[in-house]
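Read through the structure below, which is laid out as structure tokens, and then see the notes.
There are 2 protein chains.
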Amino acid sequence: MGVRQEIDGGYWRRMNKTHYFISPLIMDNVSLQSCPATNPSMLNVHLVPHTHDDVGWLKTVDQYYYGDRNYIQHAGVQYILDSVIDQLQKDPARRFIYVETAFFYRWWRQQSQDTRRIVTQLVNEGRLEFINGGWCMSDEATTHYSAVIDQMTLGLRFLNDTFGECGRPLVAWHIDPFGHAREHASIFAQMGYDGFFFGRLDYQDKARRMKTKEMEMLWRASESLTPPLADLFTGVLPNGYNPPEGFCWDQSCNDAPIRDDPDLEDYNVDEIVQRFLNAAFYKTNHIIMTMGSDFQYENANLWYKNMDKLIKYVNALQAKGSKVNVLYSTPSCYLQELNLANLTWPLKTDDFFPYADDAHDFWTGYFTSRPALKLYERLSNSRLQTCNQLEVLGGPKSTSGPFGEGDSDTMSKAMGVAQHHDAVSGTEKQHVAYDYARRLATGWAHCEVLVRNSLAVLSGSESPRVFCENLNISVCPLTESSQKFSMNVYNPLGRTVSWPVRLPVNGSLYNVTDSNGKAVDSQVGNYVFMSFKHICNIYDMKSSSLLPLLSVRWFYGLSPHISINSKSILVYVFKFLKVNFDDTTGLLSSLTNLETNQTIRLTQNFYWYNASAGNNKESHQTSGAYIFRPNSSDPFVINKTAEIQTVTVSSTVQEVTQWFSPWVSQVVRLYEGHRELELEWTVGPVPIADGLGKEVITRLDTDIESSDYFYTDSNGREVLERRKDYRPTWDLKQTEPIAGNYYPINSRAYIKDDKHQLTVVTDRSQGASSIYNGSLEIMLHRRLLYDDFRGVGEPLSEPGEFFDGLVARGRLLLALTPPKMAADVHRPLAQGMVLQPLLSFQDGTPLANTKLEFSGLQAALPPAVHLLTLSQWDKDSVLIRLEHQYQAKESETHSQPVTVNLQKLFSTLEVLGASEMSLGANQWKEDMNRLQWNTGTKASLPLSLSAKDPSPWEVTLNPMEIRTFLLRVRQL
Amino acid sequence: MGVRQEIDGGYWRRMNKTHYFISPLIMDNVSLQSCPATNPSMLNVHLVPHTHDDVGWLKTVDQYYYGDRNYIQHAGVQYILDSVIDQLQKDPARRFIYVETAFFYRWWRQQSQDTRRIVTQLVNEGRLEFINGGWCMSDEATTHYSAVIDQMTLGLRFLNDTFGECGRPLVAWHIDPFGHAREHASIFAQMGYDGFFFGRLDYQDKARRMKTKEMEMLWRASESLTPPLADLFTGVLPNGYNPPEGFCWDQSCNDAPIRDDPDLEDYNVDEIVQRFLNAAFYKTNHIIMTMGSDFQYENANLWYKNMDKLIKYVNALQAKGSKVNVLYSTPSCYLQELNLANLTWPLKTDDFFPYADDAHDFWTGYFTSRPALKLYERLSNSRLQTCNQLEVLGGPKSTSGPFGEGDSDTMSKAMGVAQHHDAVSGTEKQHVAYDYARRLATGWAHCEVLVRNSLAVLSGSESPRVFCENLNISVCPLTESSQKFSMNVYNPLGRTVSWPVRLPVNGSLYNVTDSNGKAVDSQVGNYVFMSFKHICNIYDMKSSSLLPLLSVRWFYGLSPHISINSKSILVYVFKFLKVNFDDTTGLLSSLTNLETNQTIRLTQNFYWYNASAGNNKESHQTSGAYIFRPNSSDPFVINKTAEIQTVTVSSTVQEVTQWFSPWVSQVVRLYEGHRELELEWTVGPVPIADGLGKEVITRLDTDIESSDYFYTDSNGREVLERRKDYRPTWDLKQTEPIAGNYYPINSRAYIKDDKHQLTVVTDRSQGASSIYNGSLEIMLHRRLLYDDFRGVGEPLSEPGEFFDGLVARGRLLLALTPPKMAADVHRPLAQGMVLQPLLSFQDGTPLANTKLEFSGLQAALPPAVHLLTLSQWDKDSVLIRLEHQYQAKESETHSQPVTVNLQKLFSTLEVLGASEMSLGANQWKEDMNRLQWNTGTKASLPLSLSAKDPSPWEVTLNPMEIRTFLLRVRQL
């Protein structure tokens, strides 16, 4: 390894510690060296004192931090950290782990230098150990890998800046998320974690693993990356993340304290010790006990005082022959002992979805819960990447320029908390959901200033610039009122895309020209369509006349119906795609790929499952924010027929508006030059006046012979095969025929047979399944009447701004291809959905000296390469991540190693040095030295299939590989 | 002053600190010197951080200490002290007060030397200040002064032994008790407290005082003691003992924390500061704010962190002209400021009973609640005094002798917690009431060993000795089975008494002889009556024949009825008293004092008030453990007539058994040679099958012209005049005609006119009133169906051992005298009821060398003098308290100064030195230097009416005076 060494000669190590510092001392496994001694001849019980601090759930993240609104839930993280630090100082044997950096960061900045010194020493001595260490403990079902990597990087960087190597977490810790994604495991492995612990898995799976002693395993988390690159030791915690029954000594618990004064009432030492010994049976001579739970340790003394006594009295029995040794420990110390045991571990290659905690309790509802928040989070990721890129490209003036002070940090932090497993998951209380959205909006407001500054630098024009936040509901005051305006488009992708733009205007005729003055193909109907193909173009739109027109705002379902002649056959066709509608039903009837000359039967309609009200004789489980439980496997169709309301045919777009009911409508669109069919659905307000909660799906029914198989992505990256009523690792007893077959999709799902693959690319995370041969269903929206008893305490019934009930709108992009060509379409299609162009507007024509075109890259990146990260690291350096966006074997063209020259990437930056880092950017790649684990199979030996870098500057990416570099740069 | 100096020459000051130490450094007002600086030009807000820790209530004292059974109530005192000590160390400005020594003692003994050193320093610096400092915060309505003085002494001594002068509390602090007794104030004054604060007083009284600014006053707490001996500065706390609304930052509160990070959500500093300033309006420029409440500060960081911020941000406004100065303070520091203000304060001479917190919410039920516990506590006091005395008289072998290790400490501590305002008050949960009783029983078990040892020393005989605990239900296995047994009687009074003894036996003829072999007048019926007149006699009882007899156990109400010829007139008469029964009703009809030749009409019967079920339109208040609220002013009579069941006439006793109902009966007794009529009532199980809670009273109706006046004692000492529907200090609006006229009695109540005084001496604390002219009623028992919403959360419905519902039995002693002779009767009568002889039994005749008589005193004390305390202080010294038991002017004979020679008191002890102490025995009398307060009246000037000591050894007691001496002694 060692681009860093060859090119950079230790530059980074000289950096100032107080300012974005990477520790000058590379102390490998410092924390492990401070692990407590164990006794090899005894059963060692590792007590792990921990708190689980949700970065928002029933209260907002700041309410949790301060301990505000304790009437909702007693929880105050500031006090937890105060208290733990006090208690750790009382005895060097005591240990504590802390997980959520979003909270630790809040606390640290309020501490005195004295306290900081004490904490640093505790960290250096391994008494306080950071575990996981991301900004939050992310959700695994509904997050996108891009945002997950960012939020982990944000947290890990804070720890590295603050504590250096001793602050580097060695263990990933997802004790609460409701199911576990393989891509998360892959990310953790690539970030250098030695192991991963979690608390929740399917109850059948757990029962089997308990029986076969497979609670601990090696998870091979990628089918593309060469082992052990994505191998992660994974342990299921024996007791969720709670203490054993009867041993919860937090202020929030009611278990009996240890009463060891014989003069006082109810001396109970003997009883407690015996009870503890009875609980301690395991196969190895090491067991881990999680001593803590949600927001515990606010008064850490209660815990430590009683654990001190437990250790004292249990170990005192060793003198009488007991073979039990209790000690304060940490997950990494426990993991070290497991590693030293040198055992063979079972191998896991699939994932841990869906999660059920009982026969009728499938946590598959949250895959879709709060669809508007899920979309906003995804759009915010796009904006953050744009903000980050423009901060780099615009240079120092981006953050302090003509439009004031801007920053990307606020947005980074807002996105950091939004990844939490009760944030984008949709399982928080309503007021907390609003808080997440508010934070994202505030983050973007800070970014807007940065973007204005940056674009001013890049264009040479300081003319005011506005962003139209509400284009999805056709609101943009500037375009609606201006006779002449110009639009700037920033494309955050590392390659050229074609992107249709729709703007509300008040004229009927517009001349649209590009930066070269060339006319752009556009269409004025209710709004202007455009498409463009460049990274950063400025368009100049002139309305030639002012005509009174009908309002361009969309009022879904309220516009007058247009009756369609039922005999006419609707066929829409562009260069690549043809779509037919059934003349009787108004529904889609077939889809044809004109390039490959393949056609499938395709019917699409909307349905709703009747949410269980808990009055079922088999189980009282309701559908709620977490849990999806239809009270029947047959969904109700919303309308067997769609009324076709409007039909638009133009040179840029062809669209059909379908009306299904007052609360469900859809626009079907074909864009000129595009290979996908767009279904823009609008669902809501979901009616509940009938007393029935509704879980709304759209279902695509085809003649593809998919049998029981379908495919879903993991966090937007690698795809896993799913099979109805089946789990790869255990003999499933299916008890919920619908909910038990739902899986999360983050960017895509598909069904296929030998000839056809129908891929659906989505704009946000959703739940999806294939219940019938040739069918694919996606849950779009949910409105429920009951809480589902998992703590949130509210039914998921989101209020709307204008209506009683939230209206959600979104897009599904359909691609029909032969299976072997599918990735070539859906990979860029999905990436383009994730990173959308940013539009900004200026009134009038750009000033004379304005630079109308700019590209931050010297050239488009190779098609297989995605610019995952480009962000300012400090004054002189930027962080980049380059990603191979294809899986091994999925594309004949692209599933190959590809090489990029780091010095030839950017148009405005001279790259002076480069150091490769771990994926989390908190360790030099060359210093990564993960624990090795034996699975007893040859496959666990390192394979050398991946291509090497041809030269230090030329880095090669193998399929699904992400490489992370810190580049020392100079603005040109 | 200065017996100590003259006689003893500084002996005490050389004592070893670690062993019952009295501080060698007399540092006057050390704590006051450490008070925080105030600003005389500003309003100084004294924040007083405090916790109120009930020594048992919803949980037992040890459950509270450890934090066990938190599901009942979250409270763990061990953690409170841990946490506060930690937090005090973080900032020298922080203050804390601690009150309940029973808890502090438990905690201290578990602390390391390091922690003890830290705590001692905090105490020395005034950062941790002990306030009140008794073993508990005693109840004021239902406690006896003897036990109150003991429990205060126990707590204060621990503080003195542990911390010396800096641990001496300067302020009495009864923030929670439900009404305030004048005798308590008198005791506090005599213990050297500078002031007294409490939280609860009648809502009408409080409203008036708020208006007239009389919330702070000088309480002249004795009509007998020369001011300022019993003067006590008394303050009513503005907010009970809670923090101002919105400023409760304990973990148990939900008030918003101060959120002072402008980068986080909901910055609220400005709002909080403004709200605080709005709350701060008072007449002086000092106000006290109690920052704490029940069991708060378990996580003290929450409180201090937010108070630190409050102080910081409020005081920061001073720079902008604010005149508010907030500081951490203590009650004594606040008191010092009030004293320095040199104002004139209103004078208070009555008391604060009864306490009502609203129009229908009179806390007068607890005067009677749990009558059996109240009796057991009173008997336990008698036993403890006996135990203490015998520990002194028996010398070192008492605690370690032929019968093993015995001690009085266990009983002292059990009595200490039993004085708590949710203990003897009867306002605890049932399981806690059991715990108090268990502690008293355990205490007595320890004392039994001590007593056996001591009696072995004093008698020279180590023969086994048993105590018959259950004589009140005629159970004593030894006397019931032995043909010949001897009985030892220990009289703890300092004078000879006549005391009837009833023993269950199985013979029909007994020869009873005294220690000189002289026959003792006795009577065998179902049991043996005896009376004796000496301090310590041994009786030898021989049964001459064994005859099968009916069971001698009493089963109240179950024995067969004897029909009485309704025409016969029942008259019972002994030398001093004649009592008539109505031939029609079977009730008492008249009482005659044959000595004074006075007769009154006297009818006595039993009634019950129907307890309010809260369904009344005026108020939903129910009757409960605290609150007495009849739903009608007219009680139901249990029976208009009594059936006379048995009649016994003998030379020693004449008795009539009255049966009123299956659950109410009574024995009326005259003893030979006694001046009182004994009414032994048995009430219970109170039936509730009718769905009505019952509050059972007995009412004495006479032709005494008492008008609206009646008289009740205060904690068993001085008597206060009561007047129906009237309060001395405000214009009462009476809203509860019965409950609002109830007052606590601890030992006696009386009504009188010019000629007659009928005094009732009781065996325990009860509630009493006079609703009609010539009438006196006493509440005996209560059984209720509803909780009364004051926190205990249980209806007061005590289970019985054998029946559904507790059976209570007790005695009322009635004395009829002219008013001016009444005290001569009721003072010794009541004292004899409080300190009862202890009977012990041995099988067979005493061994030959047994010493059959012994008196610890050289001679009987003068009639006015009561030996209140005689207890071992340490190896070489004993603590005695001598009390003048008459009020000024109540007895022509006894209300005079009386002198006792300390060297001529004891028969077995040589008194080598004597030092007079404060009443609490934690300060030399000569060092007492209380703050002076001005009432603006001449009466506040010291009067010199009291007689002086004729010589150092001869101490003079003025009426109601108690003098406390530490005597250095040598066993003779």
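If you read the protein sequences in the order shown, they are chains D and E. When we follow the numbering used here, the leftmost residue of the first sequence carries the number 59, and every step to the right adds one. When we follow the numbering used here, the leftmost residue of the second sequence carries the number 59, and every step to the right adds one. All C-beta atoms, glycine included, are put in the ideal place defined by N, C-alpha and C. In this text the structure is predicted, and so the values were computed from the model without any measurement.
Residue i at chain E interface by Cβ criterion, 8 Å
{"i": "Q354 of chain D", "result": "no"}
{"i": "Q656 of chain D", "result": "no"}
{"i": "G350 of chain D", "result": "no"}
{"i": "G134 of chain D", "result": "yes"}
{"i": "L431 of chain D", "result": "no"}
{"i": "T118 of chain D", "result": "yes"}
{"i": "Y137 of chain D", "result": "yes"}
Where residue i sits in the DSSP three-state scheme
{"i": "F246 of chain E", "result": "helix"}
{"i": "R496 of chain E", "result": "helix"}
{"i": "K370 of chain D", "result": "helix"}
{"i": "L608 of chain E", "result": "The predicted position of L608 of chain E is uncertain, since its pLDDT is 19 and thus under 50; a value taken from the coordinates is nonetheless stated next. Coil."}
{"i": "D112 of chain D", "result": "coil"}
{"i": "R988 of chain E", "result": "coil"}
{"i": "F256 of chain E", "result": "strand"}
{"i": "Y392 of chain E", "result": "helix"}
{"i": "A982 of chain E", "result": "As written in the sequence, residue 982 of chain E is Trp, which differs from the Ala given in the question. Strand at W982 of chain E."}
{"i": "P886 of chain E", "result": "helix"}
Listed by chain order, chain D residues near residue i by CB distance under 9 Å
{"i": "S170 of chain E", "result": "Within 9 Å Cβ-Cβ: nothing; S170 of chain E doesn't reach chain D, min ~10 Å."}
{"i": "Y129 of chain E", "result": "N312"}
{"i": "P164 of chain E", "result": "According to the sequence shown, residue 164 of chain E is Arg rather than Pro. Those are D319, D321, L322, listed as they occur along chain D."}
Beta-carbon neighbours of residue i, restricted to chain D and to distances below 7 Å
{"i": "L385 of chain E", "result": "Within 7 Å Cβ-Cβ: nothing; L385 of chain E doesn't reach chain D, min ~22 Å."}
{"i": "R317 of chain E", "result": "Y124, D126"}
{"i": "D144 of chain E", "result": "D144"}
Test: residue i CB closer than 8 Å to a CB of chain D
{"i": "N357 of chain E", "result": "yes"}
{"i": "Q309 of chain E", "result": "yes"}
Chain E residues whose Cβ lies nearer than 7 Å to that of residue i
{"i": "T927 of chain D", "result": "The contacting residues do not exist; T927 of chain D stays about 25 Å from chain E at best."}
Whole-angstrom C-beta distance between residue j and residue i, which should lie under 8 Å
{"i": "L308 of chain D", "j": "W361 of chain D", "result": "Residue identity check: residue 308 of chain D is Asp in the sequence provided, not Leu. Going by Cβ atoms, the distance from D308 of chain D to W361 of chain D rounds to 6 Å, so yes, they are a contact pair."}
{"i": "M1064 of chain D", "j": "R267 of chain D", "result": "This structure gives no information on residue 1064 of chain D, because the portion of chain D shown stretches from 59 to 1030."}
Next on the checklist: For the structure I just gave you, are there three or more beta carbon pairs, one from the segment 296-305 of chain E and one from the segment 796-804 of chain E, closer than 8 Å?
Outcome noted: no
Checklist entry - Three or more beta-carbon pairs under 8 Å between the segment 238-247 of chain D and the segment 409-418 of chain D, yes or no? => result yes
Next on the checklist: Quick check: the segment 845-852 of chain E against the segment 812-821 of chain E, are at least 3 beta-carbon pairs closer than 8 Å?
Outcome noted: With a cut-off of 8 Å, the segment 845-852 of chain E and the segment 812-821 of chain E do not count as touching, because too few Cβ pairs lie within range.
Checklist entry - Quick check: the segment 190-205 of chain D against the segment 760-774 of chain D, are there 3 or more CB pairs under 8 Å? => result yes
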